[in-house]
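Here my numbering is used: the first residue of the sequence shown is 10, the next is one more, and so on.
C-beta atoms are modelled at their ideal positions from N, C-alpha and C, and glycine is treated no differently.
Note sheet for the following structure.
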Amino acid sequence: MNKTIRRASVFALLLVLAVLLRATWVQAYEGRALADDKKNRRKTIAQYAQPLGNIIVAGAPVTGSQPTKGGDLAYKRSYTDGELYAAVTGYSSQAYGATQLEGIYSGVLDGTDTRLKNPVDALTGKQQEPGDVLTTIDPAVQKAGFEALGGKKGAAVAVDPKTGRILGMVSTPSYDPSKIAGLTDGDTWRKLSDDKDKPLVNRALRQPLPPGSTFKLVVAAAALEDGLYKDVDTATESPDPYTLPGTRTVLKNENASAPCENATLRTALRYSCNNVFAKLAVDLGQDKVKAMAEKFGFNDDELDVPVRAYASVYPSGMDRAQTALSGIGQFDVTATPLQMAMVSAAISNDGLMASPHMVSAVVDSDGDTLQSYKDGETRRIVSSATAEQLRSAMKTVVDEGTGTNAAIDGVEVGGKTGTAQHGENNSKTPYAWFTSYAKDEATGKEVAVAVLIEDSGAARSEVSGNGLAAPVAEKMMRAALK
């Protein structure tokens with residue numbers, strides 16, 4: 010072979026290799042990127058080519074699929090009791106994508122998840138039958154919370170303290186995901202998006218607000234763990250009135266006649282004494298309070314249940330006056346109802362926090378498990394002795410203090426009320442909070458609940474954690490203990 014022919018052959022071979030490399034690159038990398046692109050119509054067509062898998066509550070589906078009329082999308086998502094379960098399921102919309110469990114497990118629910126394929130199907134690209142998502146939700150608890158919240162703007166979460174199973178998650182006002190599931194639901198979508206009450210926001214997980222006096226449980230835990238006071242019945246050094254350090258601002262108590270001067274932690278929780286917990290936060294210092302808050306789950310940017318919750322925040326860099334305000338759940342302290350339910354759950358569970366989760370398993374069409382979430386994976390938050398002390402004080406709040414509306418006959422119930430300031434100089438209607446636990450010794454069942462009432466339409470003077478939030482918690486706890 011002469012030199013010219015040899016060079017031409019090598020050049021031709023290089024061209025063939027370049028074409029092969031480019032084809033491989035397009036198929037293996039760019040092809041996958043194009044397939045995953047949200048604008049790729051083929052992906053949406055594949056997603057709705059067959060009935061979707063279901064989200065399951067207590068063995069029964071709360072989702073479904075229905076054939077569409079015309080178009081290239083064969084099915085669309087439907088929902089049973091959509092408003093009741095919207096905070097759990099999220100939505101799956103042909104036009105607007107998917108959120109929450111619908112979004113996290115979209116591949117399982119539409120049959121495109123690679124875990125559903127056998128080796129032959131993986132090579133051929135054949136789409137498999139979809140799988141299901143099994144939740145931990147108790148329909149009785151969910152319904153009790155939803156009905157108790159009624160027309161109020163708010164949220165509630167119920168957790169099994171021993172297992173971490175989320176038994177109920179409610180956010181109101183709610184919406185029916187079925188009404189935005191199709192391609193022609195633009196008017197409904199715009200109405201929901203423009204609604205000032207934000208029905209599409211899951212308030213239970215994704216709208217942290219000042220927790221008010223419910224945060225006093227965290228400060229009390231820090232004081233006991235630090236040894237600042239040996240138990241909840243030791244008198245504190247708490248002047249009343251209390252002037253915020255470095256200012257002339259006097260911090261008032263809601264009940265001016267309450268015995269808050271040098272009150273014990275039990276009395277201070279019972280009457281929700283601001284002076285006691287503001288001074289406690291200053292005495293401990295913001296670093297110790299922050300450390301305890303973070304043990305309970307504050308400042309966690311990766312709290313997945315498996316839907317990611319927005320971080321509840323305990324701030325840094327405060328002066329002493331701001332630290333005092335943080336001790337009563339104000340200044341820049343924020344929390345979600347999930348976070349405050351976690352606080353009560355850890356106290357109920359002897360100081361151990363079980364990882365909260367609302368999915369027990371993800372299964373294929375044959376019921377074989379693809380992914381599971383273990384119950385009862387715990388970590389120590391406070392000592393057993395501290396948890397016992399806090400339960401005792403919380404029980405006093407319900408038996409004799411500001412949380413009497415949460416009481417259930419024959420059941421140990423402990424709680425903490427909260428009324429958080431809202432708006433500049435507290436110019437807007439306050440937020441009403443209640444966090445609690447309940448134990449039934451006869452059955453061994455227990456539950457922790459947190460309720461936030463953002464707006465009930467009630468007059469400002471009628472807003473209180475006991476008056477608005479505690480009755481919701483009572484109904485959810487009663488349902489969980491049956």
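- Here DSSP, grouped into helix, strand and coil, assigns T53 to helix.
- Our two residues, S187 and D341, have alpha carbons roughly 37 Å apart in a direct line.
- Distance from the CA atom of K225 to the CA atom of T243, rounded to whole angstroms, is 16 Å.
- Secondary structure of K448 (DSSP, three-state): strand.
- Assigned with DSSP and collapsed to three states, V456 falls in strand.
- T256 is classed as exposed because its beta carbon has fewer than 16 other beta carbons within 10 Å across all chains shown.
- In the three-state reduction of the DSSP assignment, A67 falls in the coil class.
- Taken atom to atom, the span from the alpha-carbon of A441 to that of N211 is near 17 Å.
- The straight-line gap separating the alpha-carbon atoms of G466 and K161 is approximately 7 Å.
- The distance from the Cβ of T108 to that of Y100 is about 6 Å, consistent with a contact at the 8 Å cut-off.
- Residue nearest to L118 within the set L218, V481, L143, Y105 is L143 (criterion: CA-CA distance).
- In the structure shown, the three-state DSSP call for V420 is coil.
- Contact holds between the region 346-360 and the region 300-312, because three or more Cβ pairs, one in each stretch, are under 8 Å apart.
- A residue is called buried when at least 16 other Cβ atoms come within 10 angstroms of its Cβ; L26 does not meet this threshold and is exposed.
- Residue state for L260 is assigned as strand, using DSSP reduced to three classes.
- Put simply, the backbone Cα of T258 is about 20 Å away from that of S266.
- Pairing L214 with A318 gives a Cβ-Cβ distance under 8 Å.
- Pairwise C-beta distances place the region 359-368 in contact with the region 165-183, as three or more of them are shorter than 8 Å.
- As the crow flies, the alpha-carbon of Q216 is around 33 Å from that of D373.
- Inclusion of V458 and V66 in the CB contact set at 8 Å is not warranted, their separation being larger than that value.
- Here the alpha carbon of S18 sits roughly 21 Å from the alpha carbon of A32.
- The region 246-253 and the region 266-284 touch, with three or more beta-carbon pairs separated by less than 8 Å.
- With three or more CB-CB distances shorter than 8 Å, the region 144-158 counts as touching the region 85-97.
- In the DSSP assignment, no residue is bridged to P268.
- Residue burial is scored here from C-beta neighbours: F20 has fewer than 16 other C-beta atoms within 10 angstroms and is therefore classed as exposed.
- For the region 276-314, the continuous alpha helix (DSSP H) assignments of 4+ residues that do not extend past its boundaries occur at 283-293, 295-305, in sequence order.
- I390 has its alpha-carbon roughly 34 Å from the corresponding atom of T438.
- Residue nearest to A232 within the set L209, V179, A287, L218 is A287 (criterion: CA-CA distance).
- With the rule of 3 Cβ pairs closer than 8 Å, the region 445-452 does not count as touching the region 316-331.
- Annotated as proximal: L399 and I356, with beta-carbon spacing under 8 Å.
- The shortest C-alpha to C-alpha distance from G73 to any of T89, N262, G79 is the one to T89.
- Within the region 148-220, complete alpha helix (DSSP H) segments of at least 4 residues are found at 148-158, 195-203, 212-215, given in chain order.
- Secondary-structure assignment with DSSP links Y84 through a beta bridge to P76.
- Exposure of I14 is indicated by the presence of fewer than 16 other C-beta atoms within 10 angstroms of its C-beta.
- Residue state for Q59 is assigned as coil, using DSSP reduced to three classes.
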